[in-house]
Amino acid sequence: MKIVENNNEKALFSKDYNYLFRKSDGFFMRWGELLEDDPQYSPYGPEILDLEISSGKCNGRCKFCYKDNGEDRNTHHMTLEEFKTIFNKMPKMLTQIAFGICDINSNPDFFEMMKYSKDHGVTPNYTCNGLEVTEEVAKKTASICGAVAVSLVNKEKTYEAINKFIQATLNKKILVRRKKKKD
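My numbering puts the sequence shown at residues 85 to 267.
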């Protein structure tokens, strides 16, 4: 296995498993030796790390949140040092980290963790509820992240948050995750 990396891309090459990851927009493709051999996942370790850095109290209290955060939960935040310990144990083939947070401002080390990740060649991403997105948060996010998803909790606040992200940068991916309607 050989990993090749520069400021824009990371690639892994081996006989049976290969990938190309573009850091600027999250483009990712993997392939095997032949079309019939295309792998479903990496045999060498994770390509993407989904890492929970905050849990507990969250003002969004989204009914569809996989984390089940809310008003009545005790809050715990991973420290920057805990994050670095975990990050430094990950294989060098890692391309992205999906940060799990409560509210944007809930973990005081959140942006430092994302910066550390980016400085070490791994693109950070996260999902937020949009309720606490300020112009400053949008600018910081645009300078560090590959993408951000905004959950639709409050239509007005969600669209305001998305607009702030768009204003901060026009070349980043802004995703909106909506609650599925019941049939």
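Built from N, CA and C at the ideal position, the CB exists for glycine as well.
Let's see if you can read the secondary structure: which residues bound the beta strand (DSSP E) around residue i?
i           : result
residue 134 : 132-136
residue 86  : 86-89
residue 93  : 93-97
Based on Cα-Cα distance, which residue from the options lies nearest to residue i?
i           : options               : result
residue 104 : 121, 120 and 126      : 126
residue 32  : 159, 180, 102 and 249 : The structure shown has nothing for residue 32, since the chain only spans 85 to 267.
residue 189 : 205, 128 and 137      : 137
residue 248 : 234, 222 and 233      : 222
residue 197 : 220, 176, 116 and 172 : 172
residue 89  : 242, 231, 229 and 206 : 206
Can you give me the C-alpha to C-alpha distance between residue i and residue j, rounded to a whole angstrom?
i           : j           : result
residue 245 : residue 93  : 29 Å
residue 238 : residue 143 : 11 Å
residue 96  : residue 240 : 42 Å
residue 91  : residue 108 : 9 Å
residue 135 : residue 102 : 24 Å
residue 211 : residue 100 : 33 Å
residue 192 : residue 120 : 47 Å
residue 234 : residue 195 : 17 Å
Which residue marks the beginning of the alpha helix (DSSP H) containing residue i, and which one marks its end?
i           : result
residue 124 : Here residue 124 belongs to no alpha helix (DSSP H), and DSSP marks it neither H nor E.
residue 171 : 164-171
* To do: Report yes or no: do three or more beta-carbon pairs, one from the region 162-170 and one from the region 210-225, lie closer than 8 Å?
  => no
* Scan the region 179-263 and note each continuous beta strand (DSSP E) run of 3 residues or more that stays entirely inside, going in chain order. => 180-184, 207-212, 231-235 and 257-261
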